[in-house]
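Contents: one structure, followed by commentary.
Residue numbers (our numbering): 15 to 476.
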């Protein structure tokens, strides 16, 4: 994968100019129509999407397995992520791709999919596809290998768990979704990953790591004939599944509207989270919801100068999503910050934002999109179209069509009516309790945080 370029310029006026020019350039480039892929399918059901870039010296090969963390076994969140770890367990493979093939190797697991992305010299296409073949067909799930993978993942999660911000993020997701898969992090937790054994990974491989459950995207300076020859030779023996496995988890229970205070004794600051269930990836308003998030962040920061590290995001998934506000504030100001956030949300649901606010938000979103190379952006569009069974639409086109009235309408959908809000506050409970309603729930700082509304109902296994 081409390197993601991150430039930082300290001179304020120059930085602003660069930001505006880059955002405008990103808008012009990505606003073009999405070129359709050249589509092929192997006998084993593997879908291949090809895009030729004549004269380009590099190639991007991205494979997506269309089953992600929503298929983790109940109580064993992180199963699919651990399976993804097993594809390329050795750091030497990544070093080889960087040093010998002139590219990058990345593996990522989301709720919907496992993505393997390898970039390199176009002349090394066959070697790149061979790396993917070996990862799939020679997957090592021996008892020793699984133990090593699990210990490495547990070490990462143990280090991450110490972050109060991460604990807050996990708590708000659990508060919104409970035992529903979106209530657990895709990478799992220390407690859930520790329960995953070899049999779980072997079952996941058998059910999901099949040719007819995957799509391969190839974009770059390679000929189609060479690609198909290599694909048939190297990936033709990849077996197809005997059946497609549907997700059978229970729908998320109702959101508990009580504030959840997670005790963090001795803390003089509070980590706050306010969230509502968001929109599905295929919802026509999903892309524009990111503009709403950017505008709310601007207003929240302006209205409350005590907030540090504010975050406002909309995460869209296959079934629904999450709209979340978060930040760090002095403990004595936690309730005030949440009240301010609510006021901002209510105001934008009642009155259109200004065109200036919308343009600023649009430039911010487009700058984030500009961090991806054209090949990466195109590959993601094609793959998302396959995953969500939806047209490959440019996000920038949708953002450019969004009006202030659209933003207000989306805010009304998300924030008004019967939409329940989840509130999580991490900090010194002794200082925080007096700021919230007497019905607020107080818990100790424990890893698993599930709402009481559905804790007595064990989820079904997929």
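Where is the CB? At the ideal position from N, CA and C, for every residue including glycine.
Run of the alpha helix (DSSP H) containing residue i, from where it starts to where it stops
{"i": "residue 409", "result": "409-415"}
{"i": "residue 113", "result": "105-113"}
{"i": "residue 240", "result": "238-249"}
{"i": "residue 423", "result": "418-429"}
{"i": "residue 320", "result": "Note, residue 320: premise wrong, no alpha helix (DSSP H); not H, not E."}
Pair within 8 angstroms by beta-carbon distance, residue i and residue j
{"i": "residue 122", "j": "residue 272", "result": "no"}
{"i": "residue 202", "j": "residue 92", "result": "yes"}
{"i": "residue 452", "j": "residue 277", "result": "no"}
{"i": "residue 235", "j": "residue 71", "result": "yes"}
{"i": "residue 97", "j": "residue 249", "result": "no"}
{"i": "residue 352", "j": "residue 310", "result": "no"}
{"i": "residue 380", "j": "residue 230", "result": "no"}
{"i": "residue 440", "j": "residue 290", "result": "no"}
{"i": "residue 131", "j": "residue 120", "result": "yes"}
{"i": "residue 294", "j": "residue 328", "result": "no"}
{"i": "residue 302", "j": "residue 424", "result": "yes"}
{"i": "residue 334", "j": "residue 292", "result": "yes"}
{"i": "residue 79", "j": "residue 128", "result": "yes"}
{"i": "residue 341", "j": "residue 323", "result": "yes"}
{"i": "residue 177", "j": "residue 204", "result": "no"}
{"i": "residue 312", "j": "residue 370", "result": "no"}
Contact belief for residue i with residue j at Cβ below 8 angstroms, rounded distance in angstroms
{"i": "residue 296", "j": "residue 404", "result": "5 angstroms"}
{"i": "residue 449", "j": "residue 288", "result": "That pair is no contact at about 14 angstroms."}
{"i": "residue 314", "j": "residue 358", "result": "5 angstroms"}
{"i": "residue 90", "j": "residue 210", "result": "5 angstroms"}
{"i": "residue 58", "j": "residue 254", "result": "5 angstroms"}
{"i": "residue 284", "j": "residue 446", "result": "6 angstroms"}
{"i": "residue 214", "j": "residue 87", "result": "6 angstroms"}
{"i": "residue 354", "j": "residue 394", "result": "With a Cβ gap of about 35 angstroms, residue 354 and residue 394 do not count as contacting."}
{"i": "residue 124", "j": "residue 200", "result": "6 angstroms"}
{"i": "residue 218", "j": "residue 94", "result": "6 angstroms"}
{"i": "residue 386", "j": "residue 418", "result": "Between residue 418 and residue 386 the Cβ distance is about 28 angstroms, and since that is not below 8 angstroms, they are no contact."}
{"i": "residue 407", "j": "residue 48", "result": "7 angstroms"}
{"i": "residue 208", "j": "residue 197", "result": "Actually they are not in contact, since the Cβ atoms of residue 208 and residue 197 sit about 18 angstroms apart, beyond 8 angstroms."}
{"i": "residue 222", "j": "residue 368", "result": "That belief does not hold up - the Cβ atoms of residue 222 and residue 368 are roughly 47 angstroms apart, past 8 angstroms."}
{"i": "residue 396", "j": "residue 163", "result": "With 8 angstroms as the limit, residue 396 and residue 163 do not qualify as a contact, their Cβ atoms being about 30 angstroms apart."}
{"i": "residue 77", "j": "residue 155", "result": "19 angstroms between Cβ atoms; not a contact."}
{"i": "residue 305", "j": "residue 376", "result": "6 angstroms"}
{"i": "residue 167", "j": "residue 99", "result": "6 angstroms"}
Among the options, nearest to residue i - alpha-carbon criterion
{"i": "residue 118", "options": "74, 183, 153 and 159", "result": "74"}
{"i": "residue 308", "options": "294, 292 and 325", "result": "325"}
{"i": "residue 392", "options": "267, 334, 250 and 409", "result": "409"}
{"i": "residue 212", "options": "441, 412, 160 and 168", "result": "160"}
{"i": "residue 338", "options": "129, 437, 100 and 447", "result": "437"}
{"i": "residue 390", "options": "134, 252 and 54", "result": "134"}
{"i": "residue 65", "options": "78, 76 and 51", "result": "51"}
{"i": "residue 269", "options": "193, 302 and 200", "result": "193"}
{"i": "residue 275", "options": "200, 204 and 182", "result": "182"}
{"i": "residue 251", "options": "224, 232 and 197", "result": "224"}
{"i": "residue 69", "options": "233, 184, 77 and 197", "result": "233"}
{"i": "residue 53", "options": "104, 350 and 400", "result": "400"}
{"i": "residue 84", "options": "107, 191 and 152", "result": "191"}
{"i": "residue 350", "options": "305, 298 and 320", "result": "320"}
{"i": "residue 247", "options": "227, 144, 167 and 170", "result": "144"}
{"i": "residue 282", "options": "345, 312, 227 and 456", "result": "345"}
{"i": "residue 67", "options": "378, 388 and 420", "result": "388"}
{"i": "residue 153", "options": "126, 111, 220 and 110", "result": "220"}
{"i": "residue 157", "options": "151, 150 and 165", "result": "165"}
Where the beta strand (DSSP E) containing residue i begins and where it ends
{"i": "residue 311", "result": "That residue, residue 311, is in no beta strand (DSSP E); its alpha helix (DSSP H) goes 300-317."}
{"i": "residue 290", "result": "283-292"}
{"i": "residue 121", "result": "119-123"}
{"i": "residue 455", "result": "455-458"}
{"i": "residue 274", "result": "273-277"}
{"i": "residue 436", "result": "436-441"}
{"i": "residue 232", "result": "228-234"}
{"i": "residue 53", "result": "52-55"}
{"i": "residue 61", "result": "61-66"}
Contained beta strand (DSSP E) runs [length at least 3] in the region 331-399, N- to C-terminal order: 335-344
Jot down the residue ranges of each uninterrupted beta strand (DSSP E) in the region 69-100, minimum 3 residues, whole runs only, in chain order. 72-79
For the region 128-212, which segments carrying the alpha helix (DSSP H) assignment without a break, of at least 4 residues, lie completely within its bounds, in sequence order? 139-151, 157-175, 178-191 and 204-207
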